[in-house]
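Working notes, beginning with the structure itself.
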Ligand SMILES: Cc1cc2nc3c(=O)[nH]c(=O)nc-3n(C[C@H](O)[C@H](O)[C@H](O)COP(=O)(O)OP(=O)(O)OC[C@H]3O[C@@H](n4cnc5c(N)ncnc54)[C@H](O)[C@@H]3O)c2cc1C
């Protein structure tokens, strides 16, 4: 059982703190289900957010890409923020004000480190294809030495992170709003794998 993460000034929840948790197993489960994340970093003094694939292996999240990748270069030895989001439902209330979404999300802050060891890199890249389709790393050719050299893998340790979860119906409308003649409830939303299409 992993230890709960320690809240820091950056990961302490203020707004709707009852929806937040630093439980490591919850953080890991969201990171493992989310297929993409958004990486926020500062480039030339301005904030940039880039979507990308990622994988969690043990106590870290890994990003990968070309050695020419601008975003990856900007994460090495620099502070970055990463957000992974799962949407579970659209929450429709009787009032526009109370509309919301059901979600599970993780926000992580970390300093990136380039993974240099070819064996470690190979293991992480195998985990990445296994995340796309379980067992895939045994059903495709894994990167050779040239491909490994051309691939940058960046490690972000899971130390400063937290998860936030909203679930359930809309917040109850009160007074006259509760009697409004509009439908209210949740439209479930999920990301599903379709029927495979052979290439
Ligand atoms: C799919 C989705 C849709 C959302 N839509 C809205 C919206 O339309 N309007 C809105 O106000 N809010 C929305 N939220 C919630 C939003 O992410 C913030 O939690 C909220 O706006 C409070 O922001 P804050 O900066 O005041 O939080 P604070 O409580 O001040 O944030 C403090 C720290 O808590 C952590 N934290 C905050 N939010 C999250 C999170 N979502 N997941 C993990 N850690 C978090 C971070 O470490 C952050 O630095 C949405 C969230 C998701 C996942």
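Numbering (the working numbering), first residue to last: 25 to 223. All residues carry an ideal CB built from backbone N, CA and C; glycine is no exception.
Taking one C-beta from the segment 148-157 and one from the segment 108-119 each time, how about it: are there three or more such pairs within less than 8 Å?
No, because fewer than three Cβ pairs between the segment 148-157 and the segment 108-119 fall closer than 8 Å, the two stretches do not touch.
If you measure between the beta carbons of residue 106 and residue 85, is that distance less than 8 Å?
A contact, by the Cβ cut-off of 8 Å.
Rounded C-beta distance between residue 44 and residue 192? I'm assuming under 8 Å.
In this structure residue 44 is not in contact with residue 192, their Cβ atoms being roughly 16 Å apart against a cut-off of 8 Å.
Would you please state the rounded distance, in angstroms, between the beta carbons of residue 62 and residue 74? I believe it to be under 8 Å.
Distance from residue 62 to residue 74 at the Cβ level is roughly 7 Å; contact confirmed, criterion being Cβ atoms closer than 8 Å.
Quick check: is any heavy atom of ligand 1 less than 7 Å from the C-beta of residue 38?
Yes.
Nearest-angstrom Cα distance between residue 201 and residue 211?
The alpha-carbon of residue 201 is positioned some 20 Å away from that of residue 211.
How long is the line joining the alpha carbons of residue 171 and residue 90, rounded to whole angstroms?
Here the alpha carbon of residue 171 sits roughly 10 Å from the alpha carbon of residue 90.
Would residue 33 be called buried (16 or more neighbouring beta carbons within 10 Å of its own) or exposed?
Exposed.
Using a Cβ-based criterion (distance less than 7 Å to any ligand heavy atom), does residue 109 qualify as near ligand 1?
Residue 109 has its CB nearer than 7 Å to a heavy atom of ligand 1.
Under three-state DSSP, which class holds residue 68?
If DSSP states are grouped into helix, strand and coil, residue 68 belongs with coil.
According to DSSP, residue 138 sits in a beta bridge with which residue or residues?
In DSSP, residue 138 forms a bridge with 178.
Are there any heavy atoms of ligand 1 lying less than 7 Å away from the beta-carbon of residue 131, as far as the coordinates show?
The nearest non-hydrogen atom of ligand 1 is less than 7 Å from the C-beta of residue 131.
What is the DSSP secondary structure of residue 204, reduced to helix, strand or coil?
Residue state for residue 204 is assigned as coil, using DSSP reduced to three classes.
What span of residues does the alpha helix (DSSP H) with residue 56 cover, start to end?
Under the DSSP assignment, residue 56 falls in the alpha helix (DSSP H) whose first and last residues are 48-57.
Tell me where the alpha helix (DSSP H) around residue 29 begins and ends.
No alpha helix (DSSP H) holds residue 29; DSSP gives it neither H nor E.
Which residues does DSSP pair with residue 75 in a beta bridge?
Partner(s): 62.
So for residue 188, helix, strand or coil by DSSP?
Judged by DSSP in its simplified three-state form, residue 188 adopts strand.
With a threshold of 7 Å, establish whether the CB of residue 34 neighbours any heavy atom of ligand 1.
Relative to ligand 1, residue 34 has its C-beta within less than 7 Å of a heavy atom.
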